[in-house]
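Asker:
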DNA sequence: CATGAAAAAGATAAGCA
DNA sequence: TGCTTATCTTTTTCATG
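Protein chains in written order, with the UniProt record's numbering: chain B, 1 to 157; chain W, 1 to 157.
#1: Among B:155, B:87 and B:153, which residue has its Cα nearest to the Cα of residue 128 (chain B)?
#2: Have a look at residue 29 (chain B) and residue 51 (chain W) and give me their C-alpha separation to the nearest angstrom.
#3: Out of B:73, B:141, B:155 and B:12, state which residue places its alpha-carbon closest to the alpha-carbon of residue 104 (chain W).
#4: Report all residues from its chain with a CB closer than 7 Å to the CB of residue 9 (chain W); omit the five preceding and five following residues, and keep chain order.
#5: Assuming residue 114 (chain B) and residue 65 (chain B) are in contact, meaning their beta carbons sit under 8 Å apart, how far apart are those beta carbons, in whole angstroms?
#6: For the candidate residues W:56, W:37, W:48 and W:47, whose alpha-carbon lies nearest to that of residue 43 (chain B)?
#7: Using the rule of at least 16 other Cβ atoms within 10 Å of the residue's Cβ for burial, across every protein chain shown, is residue 117 (chain B) buried or exposed?
#8: How many Å lie between residue 14 (chain B) and residue 122 (chain W) at the Cα?
#9: When DSSP labels each residue in this structure, what does residue 69 (chain W) get in the three-state scheme?
#10: Give a yes or no on whether the C-beta atoms belonging to residue 72 (chain W) and residue 109 (chain W) are separated by under 7 Å.
#11: Can you list the residues of chain W that residue 100 (chain B) reaches, using a CB-CB cut of under 9 Å?
#12: Along the beta strand (DSSP E) that carries residue 142 (chain B), what are the first and last residues, could you check?
#13: Which of the three DSSP states, helix, strand or coil, is assigned to residue 80 (chain B)?
#14: Does chain W have any CB closer than 7 Å to the CB of residue 133 (chain B)?
#15: Whole angstroms are fine: how far does the CA of residue 81 (chain W) sit from the CA of residue 90 (chain B)?
#16: Considering only the beta carbon of each residue, do residue 94 (chain B) and residue 6 (chain W) sit closer than 7 Å?
#17: Taking DSSP as the reference, what is the three-state secondary structure of residue 4 (chain W)?
#18: Can you tell me whether residue 107 (chain W) is buried or exposed? The criterion is at least 16 other CB atoms within 10 Å of its CB, across all chains shown.
#19: Does DSSP put residue 50 (chain W) in a helix, in a strand, or in coil?
#20: Could you check where the beta strand (DSSP E) with residue 96 (chain W) kicks off and where it finishes?
#21: With a 10 Å radius around its C-beta and 16 neighbouring C-beta atoms as the bar for buried, classify residue 17 (chain B) as buried or exposed.
#22: Within 7 Å (strictly less), CB to CB, does residue 37 (chain W) reach chain B?
#23: Against chain B, which members of the segment 51-65 of chain W pass a CB distance test of less than 8 Å?
#24: Along the beta strand (DSSP E) that carries residue 113 (chain W), what are the first and last residues, could you check?
#25: Note down, in chain order, each residue of its chain lying with its Cβ closer than 8 Å to the Cβ of residue 77 (chain B), except the 5 sequence neighbours on either side.
#26: What does the Cβ neighbour count give for residue 47 (chain W), buried or exposed, with the cut at 16 atoms within 10 Å?
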């Protein structure tokens with residue numbers, strides 16, 4: 001099913017996850033090849049799903065979204081239908097960037113990005129706390145962020 | 001200092017954060033304009049820092065990184081030099097995707113992406129727990145992920 | 001913001017190791 | 001099969017009105 005990545009493939013992925021505007025020519029030069037094989041490998045990586053998409057990374061704060069909050073949630077029931085319904089509702093909120101089911105102190109960990117504390121409170125009151133079967137809710141307000149990347153470590157794959 | 005985004009700018013940002021391979025031509029068509037104003041706006045958005053970069057989004061699991069863990073950490077001291085040293089060390093670990101200083105139950109919340117539980121344990125033993133002034137460490141192992149995006153909600157900016 | 005031309009990049013094809 | 005070289009097409013980029 002899944003085609004195996006060689007060294008060159010991972011090098012290409014490492015380059016593109018840092019900067020997808022790099023031309024095939026410049027990548028080829030860096031890897032000591034010509035453009036065609038690089039081009040074909042990239043197409044293959046896209047087709048096989050190793051590359052999911054290409055996106056512009058925006059500056060949250062510049063566009064007015066200055067607050068990141070992580071929210072740890074426990075539910076009052078754990079039946080399958082509860083969980084599915086909860087996830088569906090959560091995913092529909094545009095403020096929610098991530099929703100993970102976790103083991104440990106919480107059932108779910110959410111990452112939310114909003115304008116400010118006011119907007120967060122509005123979200124809590126008018127959206128989150130209206131969900132049924134909601135148990136405990138703990139907020140971790142981000143004070144500052146030292147690192148925040150989508151790049152994944154390809155050095156060992 | 002900061003130039004104000006109009007409706008068209010935010011539309012362009014919304015399009016590019018979903019798919020940065022869209023041509024200016026196709027964006028122009030969607031917005032009912034010609035290519036040059038769209039082109040100029042994009043350049044401006046890049047120059048002003050609204051667009052930080054363009055990246056390829058990879059499929060973590062396909063490249064062999066199947067486990068995401070959030071780690072809540074408290075430190076044993078809160079002096080400024082402690083915090084700075086801690087953040088510097090953490091940021092150098094390639095397994096760490098995010099490092100946030102938070103208020104609430106923890107001092108720091110980390111997001112880590114690794115191969116599997118073994119790799120996570122190795123990280124804990126050979127890297128994280130070697131840091132001095134480390135207090136309590138709580139792991140939230142991701143069981144499944146309902147939503148995980150970098151797209152931010154531009155509907156209200 | 002429109003037009004249009006030059007430069008660059010993307011994409012494809014024929015042939016070689 | 002995977003690379004090279006060469007060619008063609010599309011997009012980007014920019015000057016001018």
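Think of the CB as a built atom: it goes at the ideal place given N, C-alpha and C, for glycine as much as any other residue. It should be emphasised that the depicted structure is a prediction, and the values quoted were computed from it without experimental measurement.
Answerer: Let's see:
#1: As a first step, residue 128 (chain B) is located in the first chain; it is residue number 128 there, counting from the start. Residue B:87 is the option with its Cα nearest to residue 128 (chain B).
#2: As a working mapping, residue 29 (chain B) is identified with position 29 in the first chain. As a working mapping, residue 51 (chain W) is identified with position 51 in the second chain. Each residue's alpha carbon lies about 27 Å from the other.
#3: Residue numbering aside, residue 104 (chain W) sits at position 104 when the second chain is read from its first letter. Closest option to residue 104 (chain W), Cα to Cα, is B:141.
#4: By 1-based counting over the second chain, the position of residue 9 (chain W) is 9. So the qualifying residues of the chain are 41 and 45.
#5: What you label residue 114 (chain B) is simply residue 114 of the first chain in a count that begins at 1. What you label residue 65 (chain B) is simply residue 65 of the first chain in a count that begins at 1. Between residue 65 (chain B) and residue 114 (chain B) the Cβ distance is about 6 Å, and since that is below 8 Å, they are a contact.
#6: Within the first chain, the letter at position 43 stands for residue 43 (chain B). In terms of Cα proximity to residue 43 (chain B), the closest of W:56, W:37, W:48 and W:47 is W:56.
#7: If you number the first chain from 1, residue 117 (chain B) lands on position 117. Counting every other CB atom within 10 Å of its CB across the protein chains shown gives residue 117 (chain B) a total below 16, marking it as exposed.
#8: Along the first chain, one-based indexing puts residue 14 (chain B) at 14. Along the second chain, one-based indexing puts residue 122 (chain W) at 122. Within the model, the alpha-carbon separation for residue 14 (chain B) versus residue 122 (chain W) is close to 23 Å.
#9: Taking the first residue of the second chain as 1, we reach residue 69 (chain W) at position 69. Strand, per DSSP.
#10: Translated into the one-based positions of the second chain, residue 72 (chain W) becomes position 72. Translated into the one-based positions of the second chain, residue 109 (chain W) becomes position 109. In this structure, residue 72 (chain W) sits near residue 109 (chain W), with a CB-CB distance shorter than 7 Å.
#11: In the first chain, the residue the question calls residue 100 (chain B) occupies position 100. Per Cβ cutoff of 9 Å: 68, 70, 140, 142, 143, 144, 145, 146, 147 and 148.
#12: Here residue 142 (chain B) refers to the residue found at position 142 of the first chain. That run of the beta strand (DSSP E) goes 134-148.
#13: Position 80 of the first chain holds residue 80 (chain B). It is helical.
#14: Within the first chain, numbered from 1, the residue matching residue 133 (chain B) stands at position 133. False, the Cβ-Cβ gap to chain W never drops below 7 Å.
#15: The sequence position of residue 90 (chain B) within the first chain is 90, counting from 1. The sequence position of residue 81 (chain W) within the second chain is 81, counting from 1. Answer to the nearest angstrom: the Cα atoms are 39 Å apart.
#16: Locating residue 94 (chain B) in the first chain gives position 94, where the first residue counts as 1. Locating residue 6 (chain W) in the second chain gives position 6, where the first residue counts as 1. The Cβ atoms of residue 94 (chain B) and residue 6 (chain W) do not sit closer than 7 Å to each other.
#17: Against the second chain, residue 4 (chain W) aligns to sequence position 4. Annotated three-state conformation of residue 4 (chain W) is coil, per DSSP.
#18: As a working note, residue 107 (chain W) is residue 107 in the second chain. Under this definition residue 107 (chain W) is a buried residue.
#19: The count along the second chain starts at 1 and reaches residue 50 (chain W) at position 50. If DSSP states are grouped into helix, strand and coil, residue 50 (chain W) belongs with coil.
#20: Along the second chain, read from residue 1 onward, the residue named residue 96 (chain W) stands at position 96. Where residue 96 (chain W) is concerned, the enclosing beta strand (DSSP E) stretches over 96-103.
#21: Start at 1 with the first residue of the first chain, and residue 17 (chain B) comes out as number 17. Answer is buried; the Cβ neighbour count reaches 16.
#22: Counting from 1 along the second chain, the entry for residue 37 (chain W) is found at position 37. For residue 37 (chain W), not one C-beta of chain B is nearer than 7 Å to its own C-beta.
#23: If the cut-off is 8 Å between Cβ atoms, the segment 51-65 of chain W has 51, 52, 53, 54, 55, 56, 57, 58, 59, 60, 62, 63, 64 and 65 near chain B.
#24: The sequence position of residue 113 (chain W) within the second chain is 113, counting from 1. Residue 113 (chain W) -> beta strand (DSSP E) spans 108-114.
#25: By 1-based counting over the first chain, the position of residue 77 (chain B) is 77. If we look at residue 77 (chain B) and ignore the five residues flanking it on each side, its Cβ neighbours are 133.
#26: Here residue 47 (chain W) refers to the residue found at position 47 of the second chain. Exposed, because fewer than 16 other Cβ atoms sit within 10 Å of the Cβ of residue 47 (chain W).
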